[in-house]
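Working notes, beginning with the structure itself.
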Amino acid sequence: YRPPPARTFTAEELRLGLDQINRETYVSALVDHPLGSIVEYPETASRAGVGIAHRFCVEPSNFLRPEANFQYSLGDSHGGKRGKFCGRLLTDQSGAAVSCSLLKMSCKGLKYCSGRSLPPLPQPTLELDSIAQAKREVFFKTIAFYCTLVEKGCAFELKDTEDADVSAVEDTDRRFRTAKRRTCKGTLEMRQDEFGRSFIQCEHRTQADTAHLILRTLDEFDLDYLRALLHDNPSAIHEREEVARQFGYGPRAPCSYTAPPSAQKDFCPYWHRISGKLARGVLQRNVGNCDAKFDIYTPDDLSACSQVVVICRNPHSHHAPDPVTTPPPLLDLFRSLLLELDWKLADATPRKLMLDSGFMAGFRRSLGWNKPFDPPLAALHPSLGNLDHVRRYIDELRHVLFPMGTDFEGAQLLATQHSELPEAEQYVRCAEIHAIEGGKPFYLVICMLRSMSARLMRAKKLSLDTAFKRVNGKWQEFEMETWDLDGMKSVIGTRAFTTSQSAQAHLILFTRIFEIAQADTGIPCRFRHIHGDGFELWIADSHKGQSLGAGMFCQQLCANLGDIYCPIEPTRLLRTLNPYEQASRFLRYCTTHYVRNVDKIRPYITTKVRNAMLSLSSSQSHPDFEGALRTIENGGPKAKAWLKDKISGNKCALPALYQPASLIPLEIWKSAPSTTNGNEQAHRNINRDGVNLTMLGAIMRGMQYDARAIGSLELYSTKGIYSRDQISTHFRRLQRSLNRHGESLSPMYLTESEKAAGLVQARVAARSATVEE
Numbered sequence: 001y002r003p004p005p006a007r008t009f010t011a012e013e014l015r016l017g018l019d020q021i022n023r024e025t026y027v028s029a030l031v032d033h034p035l036g037s038i039v040e041y042p043e044t045a046s047r048a049g050v051g052i053a054h055r056f057c058v059e060p061s062n063f064l065r066p067e068a069n070f071q072y073s074l075g076d077s078h079g080g081k082r083g084k085f086c087g088r089l090l091t092d093q094s095g096a097a098v099s100c101s102l103l104k105m106s107c108k109g110l111k112y113c114s115g116r117s118l119p120p121l122p123q124p125t126l127e128l129d130s131i132a133q134a135k136r137e138v139f140f141k142t143i144a145f146y147c148t149l150v151e152k153g154c155a156f157e158l159k160d161t162e163d164a165d166v167s168a169v170e171d172t173d174r175r176f177r178t179a180k181r182r183t184c185k186g187t188l189e190m191r192q193d194e195f196g197r198s199f200i201q202c203e204h205r206t207q208a209d210t211a212h213l214i215l216r217t218l219d220e221f222d223l224d225y226l227r228a229l230l231h232d233n234p235s236a237i238h239e240r241e242e243v244a245r246q247f248g249y250g251p252r253a254p255c256s257y258t259a260p261p262s263a264q265k266d267f268c269p270y271w272h273r274i275s276g277k278l279a280r281g282v283l284q285r286n287v288g289n290c291d292a293k294f295d296i297y298t299p300d301d302l303s304a305c306s307q308v309v310v311i312c313r314n315p316h317s318h319h320a321p322d323p324v325t326t327p328p329p330l331l332d333l334f335r336s337l338l339l340e341l342d343w344k345l346a347d348a349t350p351r352k353l354m355l356d357s358g359f360m361a362g363f364r365r366s367l368g369w370n371k372p373f374d375p376p377l378a379a380l381h382p383s384l385g386n387l388d389h390v391r392r393y394i395d396e397l398r399h400v401l402f403p404m405g406t407d408f409e410g411a412q413l414l415a416t417q418h419s420e421l422p423e424a425e426q427y428v429r430c431a432e433i434h435a436i437e438g439g440k441p442f443y444l445v446i447c448m449l450r451s452m453s454a455r456l457m458r459a460k461k462l463s464l465d466t467a468f469k470r471v472n473g474k475w476q477e478f479e480m481e482t483w484d485l486d487g488m489k490s491v492i493g494t495r496a497f498t499t500s501q502s503a504q505a506h507l508i509l510f511t512r513i514f515e516i517a518q519a520d521t522g523i524p525c526r527f528r529h530i531h532g533d534g535f536e537l538w539i540a541d542s543h544k545g546q547s548l549g550a551g552m553f554c555q556q557l558c559a560n561l562g563d564i565y566c567p568i569e570p571t572r573l574l575r576t577l578n579p580y581e582q583a584s585r586f587l588r589y590c591t592t593h594y595v596r597n598v599d600k601i602r603p604y605i606t607t608k609v610r611n612a613m614l615s616l617s618s619s620q621s622h623p624d625f626e627g628a629l630r631t632i633e634n635g636g637p638k639a640k641a642w643l644k645d646k647i648s649g650n651k652c653a654l655p656a657l658y659q660p661a662s663l664i665p666l667e668i669w670k671s672a673p674s675t676t677n678g679n680e681q682a683h684r685n686i687n688r689d690g691v692n693l694t695m696l697g698a699i700m701r702g703m704q705y706d707a708r709a710i711g712s713l714e715l716y717s718t719k720g721i722y723s724r725d726q727i728s729t730h731f732r733r734l735q736r737s738l739n740r741h742g743e744s745l746s747p748m749y750l751t752e753s754e755k756a757a758g759l760v761q762a763r764v765a766a767r768s769a770t771v772e773e
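Be aware that the sequence shown starts at 1, since it is given in UniProt numbering, and climbs by one per residue.
Spelled out as structure tokens, the structure:
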């Protein structure tokens with residue numbers, strides 16, 4: 001909306017007295033604004049004592065004060081009394097003047113930098129050619145670098161036992177103040193090395209103490225000016241800065257920076273030389289420095305007269321402020337679009353808003369946007385071009401939607417809310433804190449639908465994996481995955497977020513998962529080697545805490561069984577088996593993780609030693625098991641340490657890798673997948689929905705993903721509709737696996753003629769086609 005210019009009153013209007021507000025007050029012009037109009041810069045008179053009336057049509061049922069849209073900062077208000085009249089400008093349907101409340105306000109002007117009072121520039125200032133412009137850029141970089149050094153200093157943190165001088169590094173801008181810390185107060189000096197190259201270092205830096213600051217890359221700075229600043233050479237400093245002033249820039253040039261009084265800024269972003277010292281300018285408001293006045297007449301009964309008059313009197317003594325404030329009607333529209341994001345607001349950022357197709361679709365409709373590219377947020381209002389401004393609006397609304405925050409406390413609230421939902425819709429099952437080793441808190445959030453519980457408890461084999469990208473901060477995401485034989489697809493049985501991978505933490509994790517699953521299904525947790533049916537095999541990576549925790553969980557299950565003997569070793573009571581012995585009866589390690597861990601020390605071992613290590617992962621009896629161990633033992637320090645870890649460090653390792661050392665039946669061993677690639681793919685799939693999320697964002701995206709996966713399986717079982725054209729079979733899966741294995745060959749193994757024939761590109765194309773199928 002572009003308001004029309006103020007019009008003077010006609011002779012007839014003057015005869016009727018429309019320009020008269022009361023016996024002493026008159027206006028010289030009038031502007032009528034239609035309903036819904038947003039006026040940010042109301043026109044004011046060009047000379048003192050003259051007023052212009054702005055008459056706004058308003059909605060009585062949804063009244064928004066017109067002055068709230070003004071970009072001028074209004075204050076110093078007084079009045080607000082009822083029983084005032086606005087002459088003939090505000091009348092009811094019969095033409096009678098209506099009673100109003102009158103609010104008198106003044107323009108608060110702007111906050112100006114203290115550097116504004118510096119001596120004025122010469123007139124005219126010298127023009128900058130290309131070389132002068134380059135010198136100007138170097139000057140700004142040099143002085144900015146020096147000011148940074150002044151603020152931060154050496155920044156080497158001193159220990160309490162050190163006796164050196166210390167200081168607290170403080171930022172004068174209160175927004176950036178940090179806790180005081182003991183830092184080095186050493187002087188920063190510019191020196192030269194034996195090759196004549198300049199560098200800066202702390203005076204306390206020595207060969208014995210190299211933690212103090214040293215900066216060697218100074219090529220982009222004016223070294224003479226930088227040296228003068230560091231060594232406090234007044235004449236050299238004055239020479240450089242005076243030249244800059246002649247061209248209209250530098251710390252001696254007057255500053256034109258301003259900010260509205262409402263801005264939470266106390267300091268100018270630029271540095272000025274005031275009283276001989278470099279410092280950031282202070283933003284100050286001169287009270288009463290603007291003569292513009294605003295008289296606001298609001299009818300006491302808006303239903304009788306749905307108009308508001310704002311009389312702007314006297315010109316402003318300053319330029320119009322930048323449009324940094326979003327008018328309330330536009331802000332309400334923006335907030336309504338944010339609310340449509342629902343749970344996605346937990347992780348919303350300005351960038352994610354612009355990438356969210358649902359948000360942008362609503363944004364385009366609101367603007368009536370028909371261009372081929374998406375509108376920027378500033379298309380609604382220029383203030384939204386400031387992404388920090390947008391982020392604050394997002395944060396404000398996020399605090400409303402998620403009063404307990406988006407981390408663990410928010411998950412606890414979500415668990416409480418989900419407990420009140422219908423059983424089939426409950427997903428967040430617990431959000432708890434447990435004490436583990438040394439009283440350390442262990443945070444645990446378990447997520448699974450009841451349909452996931454049913455699949456988990458009916459499974460014979462489980463795959464376990466932990467990922468670290470999904471949630472920012474201290475959290476890890478744990479998954480238990482089962483295999484759907486009918487659909488030939490992996491499916492998540494449970495999803496959990498944890499803060500520890502210790503054995504005790506995994507014991508608590510497994511205990512709570514199966515307590516919840518048993519409550520959902522009525523099926524107790526059972527293992528084949530303990531109960532004769534139930535879980536036959538778990539496959540996991542080689543994490544010791546996870547392996548030991550799984551063994552401790554089975555040990556816990558056996559604790560109350562009484563004198564029941566192990567069916568595999570009939571002479572031993574189940575309750576006497578230690579966690580490692582329990583694990584040897586059902587736990588297997590992922591061969592992919594195993595090979596990856598071996599290759600971590602590949603630079604330190606020979607090919608023979610590596611092959612000996614890899615030979616330990618097998619379902620076949622090793623022809624020379626002890627010989628392989630001796631080869632590894634004699635393979636160097638790294639190999640020896642590796643073997644020691646596998647034998648005595650993690651006692652689950654060899655039985656979980658080498659079937660003859662395990663107590664898992666060979667048929668069950670072979671029937672299970674040899675890797676946790678299903679879990680890895682599941683993590684990869686859900687990571688496409690977002691990584692480094694907040695806890696709430698990860699939970700909600702996980703719920704959407706798991707609900708889709710369960711729905712796909714149920715659709716196949718009830719309607720026969722598979723998720724792809726090609727139904728997954730053993731043949732199809734193995735064919736794809738072999739194709740990918742062949743395509744993984746590095747181009748370095750191809751001959752020059754094969755490379756020329758385009759075999760690499762052909763393999764990539766074949767792989768892409770296979771993935772698409």
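Glycine residues also receive a C-beta, built at the ideal position from the N, C-alpha and C atoms.
Item: Spatially closest choice to P673 from R688, I686 and L657, by CA coordinates; Value: L657
Item: Residues near S768 in its chain [Cβ-Cβ closer than 8 Å; skip 5 each side]; Value: Note that S768 scores a pLDDT of 42, beneath 50, so its modelled location is shaky; the value from the coordinates is reported in the next line. Cβ within range, chain order: n/a, list empty.
Item: Assigned exposure category for L574 - 16 Cβ within 10 Å defines buried; Value: buried
Item: Whole-angstrom distance between T148 and A164, CA atom to CA atom; Value: Reliability of the predicted coordinates at A164 is poor, the pLDDT of 39 falling under 50, and no value is obtained from them.
Item: Inter-stretch contact (C-beta, 8 Å, three-pair minimum) for the segment 374-389 and the segment 398-409; Value: no
Item: Residues bridged to K84 (per DSSP); Value: C100
Item: Other residues of its chain near Y1: CB distance less than 7 Å, five sequence neighbours each side excluded; Value: S37 and I38
Item: Sequence-distant residues of the same chain with beta carbon closer than 7 Å to C113, five excluded per side; Value: C255, Y257, C268, G281 and L283
Item: Buried versus exposed call for P327 [16 or more other C-beta atoms within 10 Å across all chains shown]; Value: buried
Item: Ordered list of alpha helix (DSSP H) runs contained in the segment 341-377, each at least 4 residues; Value: 350-355 and 357-367
Item: V287 burial status per 10 Å Cβ neighbour count (16 or more: buried); Value: exposed
Item: Boundaries (first-last residue) of the beta strand (DSSP E) holding M190; Value: L188 to Q192
Item: 9 Å Cβ cutoff, K670 in contact with chain B; Value: The displayed structure is made up of one protein chain only, and chain B is not part of it.
Item: Per DSSP, the bridge partner or partners of Y658; Value: S618
Item: Sequence-distant residues of its chain with Cβ nearer than 8 Å to H318 (five each side left out); Value: G109, L110, T258, N289 and C290
Item: Short Cβ contact (9 Å threshold) for W538 with K489; Value: no
Item: Candidates R88, L345, I523 and G635, of which the one nearest I450 by Cα; Value: Correcting the residue type first, residue 450 is Arg in the shown sequence and not Ile. The shortest Cα separation from R450 among R88, L345, I523 and G635 belongs to I523.
Item: Cβ distance (whole Å) where residue 780 is taken to contact D219 below 8 Å; Value: One cannot answer for residue 780 here, as it falls past the ends of the chain, which runs 1 to 773.
Item: Sequence-distant residues of its chain with Cβ nearer than 8 Å to K670 (five each side left out); Value: S619
Item: Per DSSP, the bridge partner or partners of V138; Value: Looking at the DSSP assignment, V138 forms no beta bridge with any residue, so it has no partner.
Item: Whole-Å CB distance - A503 paired with M552, under 8 Å assumed; Value: 6 Å
Item: Coil, strand or helix - H418 by DSSP; Value: helix
Item: For P441, the three-state DSSP class (helix, strand or coil); Value: strand
Item: Extent of the continuous beta strand (DSSP E) run through E432; Value: V428 to A435
Item: Cβ contact (3+ pairs, closer than 8 Å) linking the segment 714-721 and the segment 366-378; Value: no
Item: Nearest-angstrom beta carbon gap, A709 and I492 [assumed within contact, 8 Å]; Value: 7 Å
Item: Option in P567, K638, Y297 and F535 with minimal Cα separation from V58; Value: Y297
Item: Pick from E13, N233 and I200 that is closest to M190, judged by C-alpha positions; Value: I200
Item: Start and end residues, beta strand (DSSP E) containing W538; Value: L537 to A540
Item: Any non-hydrogen atom of the ligand SAH closer than 8 Å to V31 Cβ; Value: In the structure on display, the ligand SAH does not appear, and there are no ligands present to speak of.
Item: Same chain, Cβ closer than 7 Å to T172, five either side skipped, listed in chain order; Value: Caution applies to T172, whose pLDDT of 36 falls short of 50 and renders its modelled position unreliable; the model cannot decide the point.
Item: L338 to A379 span [Cα, whole Å]; Value: 16 Å
Item: Length at least 3, wholly inside the segment 627-651: the beta strand (DSSP E) runs in chain order; Value: none
Item: Run of the beta strand (DSSP E) containing Q284, from where it starts to where it stops; Value: K277 to R285
Item: Enclosing beta strand (DSSP E) for W271 [first to last residue]; Value: F267 to I274
Item: Candidates F247, S117, L102 and H212: closest to E137 by CA position; Value: F247
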